[in-house]
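Reading the sequence shown from the start, the letters are residues 1 to 347 in our numbering.
Cβ coordinates follow ideal geometry from the N, Cα and C atoms, glycine included.
The block underneath contains the structure these notes are about, expressed in structure tokens.
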Amino acid sequence: MNTPTYLNVHNQFKLNGFHLDRDDLCRVAYSFIKEGDDFERPVGHFLLDWFDHNDYIEMNTSGSTGIPKVIRVEKQAMVNSALATGNFFDLSPGDKVLNCLPVKYVAGKMMLVRGFILGLDMDFVAPTAYPLKNNDASYDFSAMVPLQAQNSLEELHRVKKLIVGGAKINASLEKELKKLSGQAFETYGMTETVSHIAAKKVGDRSFTVLPNVTIAVDDRNCLLITAPEISSEVIITNDLVDLISDTQFIWKGRIDNVINSGGIKLSPEQIEEKLYKRMERRFFVAGIADKDLGEKLILVVEGEPYTLPEGLFDKLDKYEKPKEVVFVDHFKETGNGKIIRKDSLAQ
């Protein structure tokens, strides 16, 4: 069977109830740009870019771990990614899907590409914090960020397969998602990998890679991704992992967040994992300069100062206990809800 190219639009693709081919999509794009709501304009621009004469799309990285930058992504790589997602999650032409992600970012763009490459019946709605409000339809598949999933717990029984990405799922949300009648997955990916390249069922420890992806680690124990259908080069990440096999890994945190306190290396994400169940507000742990230790471990909490739960640090090892607690009015975050630690701390 021939692999679809980025010039194809599947004959079963529907957008908000209408069968649309390539020409229709270009007409929709113009009307979105001219008369659309704020969330529809980026869709218009994306569709016109998708059907232009170039074989690539320019995209912005999210900026959660560094300065946002513009990168070029091959359109065929996006098609191949859509096919791998369809294969991994067993999506079929005509399946009803909800796209509630901002199309400004790769995840929202990729939902559209999956739609017209796999022939999905797609409802596209404003990317609000409450995506299933004012909507009683049932869906075979949807993708959300953790905040959207958290706010939709009452309605998520209407989604058979849900993927959650963009930021880490905390322990309390994980607990709720495990109770759902449908399946919920956490995904791993970035703009450079054209959305996700691995997923795990909520509650599992290890991620499994999508078809045609293999993994290894470098001498820092950071993940290396080989995905020839998505990138001609090996993708070097700053994600610390435990490699289980060449298709499975456990994510431990980012090497750029590692804190060296008095010669002891501490992973913020692993400390946060132990605190999630006890904290009712957003928080993170970080290192700040200290004349004795080099870096001092602190807990950064969002909002007004308050008394922390008693025994909060009981499950932490000796070196993992924060030396200080700092309160910040509002965390800085990227457009898709990831906390920008450095900027939040700078406040």
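*Report yes or no: do the stretch 143–158 and the stretch 178–185 share at least 3 C-beta pairs separated by less than 8 Å?*
yes
*C-alpha distance - ASP23 paired with LEU308, whole-angstrom precision*: 58 Å
*Round the Cβ separation of PHE249 and LEU243 to the nearest angstrom and send it over; I've been treating them as touching at under 8 Å.*
5 Å
*Mind checking which residues open and close the beta strand (DSSP E) that includes LYS96?*
96–99
*Go through the stretch 196–260 residue by residue and report every complete run of the beta strand (DSSP E) that reaches 3 residues or more, in order.*
207–209, 214–217, 222–226, 235–243 and 248–254
*Any contact of the stretch 186–204 with the stretch 73–84, i.e. 3+ C-beta pairs under 8 Å?*
yes
*Taking the alpha carbon of MET110 as the point to measure from, which residue in ARG27, SER138, GLU74 and LYS178 has its own alpha carbon closest?*
The shortest Cα separation from MET110 among ARG27, SER138, GLU74 and LYS178 belongs to GLU74.
*Residue interval of the beta strand (DSSP E) (run including ILE288)*: Run containing ILE288: 283–290, per the beta strand (DSSP E) assignment.
_Close Cβ partners of GLY337 (< 8 Å) along its chain, the five nearest in sequence each way excluded_ = VAL145, PRO146, LEU147, GLY166 and ALA167
*Mapping DSSP to helix, strand and coil, what is GLY294?*
DSSP places GLY294 in strand when its eight states are reduced to three.
*asked:* I'd like the span of the alpha helix (DSSP H) that includes LEU345, first residue to last.
replied: Residues 341–346.
*Would you list, in sequence order, the uninterrupted beta strand (DSSP E) runs of no fewer than 3 residues that lie entirely inside the stretch 89–150?*
96–99, 121–124 and 139–144
*Continuous beta strand (DSSP E) stretch holding ALA184: start and end*: Element bounds for ALA184: 183–190.
*Pick out the complete alpha helix (DSSP H) segments inside the stretch 5–65, 4 residues or longer, and give them in chain order.*
Runs found: 22–35 and 41–50.
*Any chain C beta carbon closer than 8 Å to GLN150*: Absence of chain C from the displayed structure is noted, only one protein chain being present.
*Using DSSP bridges, identify the partner residues of GLU324.*
ILE298
_Touching by the beta-carbon criterion (3+ pairs, under 8 Å), the stretch 298–317 and the stretch 258–275_ = yes
*Using beta-carbon positions only, say whether LEU118 and ASN99 come within less than 8 Å of one another.*
Cβ atoms of LEU118 and ASN99: not closer than 8 Å.
_Please report the distance separating the alpha-carbon of ASP218 from that of LEU224._
7 Å
_Of the residues MET279, LYS265 and SER261, the one placed nearest ASP292, counting alpha carbons only_ = SER261
_Measuring alpha carbon to alpha carbon, tell me which residue in GLU324, ARG72, PRO322 and ALA346 is nearest LYS332._
ALA346
*Same chain, Cβ closer than 6 Å to SER138, five either side skipped, listed in chain order*: Excluding residues within five positions, the ones whose Cβ falls inside 6 Å are ARG158.
*Using only alpha-carbon positions, find the residue among GLY86, ASP123 and ASN87 that is nearest to LEU385.*
Residue 385 lies beyond the residue range present for the chain, which begins at 1 and ends at 347; the question has no answer from this structure.
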